[in-house]
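Structure, as structure tokens:
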Amino acid sequence: MTASTDVRPAGEPGLPAEAPARDRRHYSPIGRPRPTGGDRAELAAWYLMRLTGLGLFVLALSHFLITHVLFDPANQTAEWIQAHRWESNLWRYVDGTLLVLVVFHSFTGVRTVIQDYVSNGRARAVILVVLVVAGLLLAFLGIWAVTTAPVPPP
Amino acid sequence: MLKLTYRGGEGMVAWAFHRISGVAIWVFILLHVIDIWLSNVNATLYDDVLAIYASPPGRVGEMLLGAALLYHALNGLRIIVMDFWPPLTHYHRQIWIASWLIFVVVGLPVGYIILKPIWGG
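Chains W and D, in that order, are what the protein sequence lines are.
For reference, each letter of the first sequence is one residue, going 697 to 850 in my numbering.
For reference, each letter of the second sequence is one residue, going 401 to 521 in my numbering.
This is the structure we're talking about:
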């Protein structure tokens with residue numbers, strides 16, 4: 697699998713002005729180009745964004761379909777969640793997986809946004825630390841809920 | 401069609417929407433994980449939050465969340481497809497139009513079902 701360097705120069709926000717019109721027509725700022733700088737962590741993040749994205753396409757969309765279309769959120773009280781949604785461990789695993797994927801994907805995405813708009817190195821470093829701490833805390837709260845919610849007696 | 405001075409075109413609009421919808425979903429995820437945590441530690445407070453979600457303004461927000469999620473998912477798939485099969489970039493306009501067709505066909509009935517209780521349906 698190679699990056700789309702034939703139609704889109706990696707690491708550049710756009711085509712150079714002298715690019716022929718044919719290339720310009722084919723060019724589209726789609727997503728981030730695959731990192732080519734040799735930084736293995738950045739490359740891993742690039743692949744993981746796409747991998748978790750595929751997982752979320754299935755898990756997040758089906759989660760929304762179930763909780764907002766097949767059921768009405770208005771009826772899904774705390775008691776309902778424990779008695780029905782999390783009655784079986786399978787759904788706890790499904791929701792736990794969704795939680796981990798979405799926390800990774802959304803926080804990594806916000807990190808990309810921060811890197812694009814915050815140029816001050818110190819401010820950027822502080823925000824990134826806050827993001828990591830907040831992400832881990834959120835994952836902890838979610839896993840806590842999904843693993844310890846009691847199943848009420850029938 | 402939106403006319404943007406900065407390079408413009410479908411790809412630019414797709415990128416802007418992807419970023420806006422992504423940040424919006426992230427904000428909701430912050431709320432949502434905390435409210436689900438509340439359902440475990442303070443059920444009464446969770447049910448109060450749920451009543452806000454179920455109110456008419458809450459339902460409009462719920463519909464917007466669904467729209468952001470559906471757009472982000474479809475456009476994300478479009479990004480992945482073109483990242484790993486670069487020749488398809490030649491058809492990026494067609495893929496863009498197709499993703500909006502799916503968005504409308506799936507989104508309209510879903511939006512209707514979510515908003516229906518507002519007028520007592």
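Just so you know, even glycine gets a beta-carbon here, dropped at the ideal spot from N, CA and C.
Since the model is a prediction, treat every value here as computed from it, not as a measurement.
Item, Value
"V504(D) to I479(D), Cα distance in whole Å?", "19 Å"
"Is A737(W) buried or exposed, if buried means 16 or more other CB atoms sit within 10 Å of its CB?", "exposed"
"What residues of chain D sit near W840(W), judged by a beta carbon separation below 8 Å?", "W437, N440"
"What residues of chain D sit near L795(W), judged by a beta carbon separation below 8 Å?", "V433"
"Would you please verify whether the beta carbon of N822(W) is less than 8 Å from any beta carbon of chain D?", "The identity of residue 822(W) in the sequence shown is Val, whereas the question assumes Asn. Answer no: the Cβ-Cβ gap between V822(W) and chain D never drops below 8 Å."
"With 7 Å as the limit, tell me which residues of the segment 485-516 of chain D have their beta carbon closer than that to any beta carbon of chain W; keep them in chain order.", "P486, T489, H490, H492, V510, I513, I514"
"Go to P457(D), then tell me how far its alpha helix (DSSP H) extends in each direction, as first and last residue.", "456-484"
"At a CB-CB cut-off below 7 Å, which residues of chain D make contact with V765(W)?", "V510, I513"
"Is there a Cβ of chain W sitting closer than 8 Å to that of I479(D), yes or no?", "yes"
"Is there contact here, the segment 822-836 of chain W with the segment 796-811 of chain W, by at least three beta-carbon pairs under 8 Å?", "yes"
"When Cβ atoms are compared, which residues of the segment 790-819 of chain W fall closer than 8 Å to chain D?", "L795, V798, V799, S802, F803, G805, V806, V809"
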